[in-house]
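Data first, discussion second: the structure below is written as structure tokens.
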Amino acid sequence: EVQLVQSGAEVKKPGESLKISCKGSGYTFSIYWIAWVRQMPGKGLEWMGIIYPGDSDTKYSPSFQGQVIMSVDKSINTAYLQWSSLKASDTAKYYCTTQAQHSSSRYMWFDPWGQGTQVTVSS
Amino acid sequence: EIVMTQSPGTLSVSPGESATLSCRASQSVSSNLAWYQQKPGQAPRLLIFGASIRATGIPDRFSGSGSGTEFTLTISSLQSEDFAVYYCQQYDNWPPLTFGGGTKVEIK
Chain A
11 EVQLVQSGAE VKKPGESLKI SCKGSGYTFS IYWIAWVRQM PGKGLEWMGI IYPGDSDTKY
71 SPSFQGQVIM SVDKSINTAY LQWSSLKASD TAKYYCTTQA QHSSSRYMWF DPWGQGTQVT
131 VSS
Chain B
4 EIVMTQSPGT LSVSPGESAT LSCRASQSVS SNLAWYQQKP GQAPRLLIFG ASIRATGIPD
64 RFSGSGSGTE FTLTISSLQS EDFAVYYCQQ YDNWPPLTFG GGTKVEIK
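Heads up: the protein sequence lines correspond to chains A and B, in order.
Position in the first sequence (from 1) plus 10 gives the number in the working numbering.
Position in the second sequence (from 1) plus 3 gives the number in the working numbering.
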């Protein structure tokens, strides 16, 4: 069974750094893109960007370029999303999701999704 | 960037009735459109890809149609577990991949 398991909830202060994780299992992690999606409280889904575990090729949404860094350690089937200086406006739930195995790298939809990591930034 | 617009924002439907949700793209995305369902407190779940192909395990009361810029998700005979928020997502022209703002289907 393809599964993505994300790290637990975080409570941080503005200005602090943070790295959350997403571990894949049940499939060949290195050959399927991993995307990150933000969901602010009571709001919809926002696509942040995508990373290819095989070579760490990364594509960011313009809205998130320079705000976060995506990385991956394919030796342990884990993708990461990190911030160097959190803001209160980063408070949200963050989901990782993987390219559906029957989709292509050009035309991809996402399945399954991780359970989400709640990030709360408050002084 | 392709902007996806969903309507209505909220749809009130009685159990057993059908629901029709719309998704419009700011430019043609061919049939490169997916639909996701999100229940409160849960992660999104893939329902439809290729505008009309049901994902594995999705009941046939869910159907998708459309191409180009106009798409529809129809849920026939709504069950209690179908009350949720539904999102469309285009994957024709990216980055960025873009989602619609969502349609909440609530119990009337």
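Note that beta-carbon positions come from the ideal geometry of N, C-alpha and C, so glycine has one too.
Everything numeric in this text was worked out from a predicted model, so none of it was measured.
DSSP three-state label for residue i, please.
i: Lys29/A; result: strand
i: Ile61/A; result: strand
i: Glu84/B; result: helix
i: Val39/A; result: The sequence shown places Phe at residue 39/A, rather than the Val named in the question. In this structure, Phe39/A counts as helix in the three-state DSSP scheme.
i: Lys53/A; result: coil
i: Asp100/A; result: helix
i: Ile56/B; result: strand
i: Ile79/A; result: strand
i: Ser133/A; result: coil
i: Ile61/B; result: coil
i: Lys22/A; result: strand
i: Ser10/B; result: strand
Got a sec? Which residues, its chain only, sit under 8 Å from residue i by beta carbon, not counting five neighbours each side?
i: Val6/B; result: Ala28, Ser29, Thr101
i: Ser27/A; result: Gln92, Trp93, Ser94, Ser95, Leu96
In chain order, what residues of the same chain have a beta carbon less than 7 Å from the beta carbon of residue i, not counting five sequence neighbours either side?
i: Ala98/A; result: Pro24, Val131, Ser132
i: Ser83/B; result: Pro18
i: Ile41/A; result: Gly64
i: Arg48/A; result: Glu56, Met58, Ala102, Tyr104
Tell me residue i's beta-bridge partners as DSSP assigns them.
i: Thr107/A; result: Ala45/A, Trp123/A
i: Thr75/B; result: Ser25/B, Ser68/B
i: Lys69/A; result: Ile60/A
i: Tyr39/B; result: Leu49/B, Tyr90/B
i: Trp93/A; result: Leu28/A
i: Val32/B; result: Beta-bridge pairing links Val32/B to no other residue.
i: Ile110/B; result: Val16/B
i: Met118/A; result: In the DSSP output, where bridge partners are listed per residue, Met118/A has none listed.
i: Phe102/B; result: Gln92/B
i: Gly34/A; result: Leu14/A
Taking residue i and residue j to be in contact with their CB atoms under 8 Å, please state how far apart those CB atoms are, rounded to whole angstroms.
i: Thr7/A; j: Ile44/A; result: With chain A covering only 11 through 133, there is no way to say anything about residue 7/A.
i: Val88/B; j: Gln41/B; result: 5 Å
i: Lys29/A; j: Tyr90/A; result: 5 Å
i: Thr75/B; j: Ser25/B; result: 6 Å
i: Gly36/A; j: Val15/A; result: With a Cβ gap of about 11 Å, Gly36/A and Val15/A do not count as contacting.
i: Ile51/B; j: Gly67/B; result: 4 Å
Could you tell me which chain E residues have their CB closer than 9 Å to the CB of residue i, listed as they occur along the chain?
i: Gln125/A; result: In summary, chain E is missing from the structure at hand, where the protein chains are A and B.
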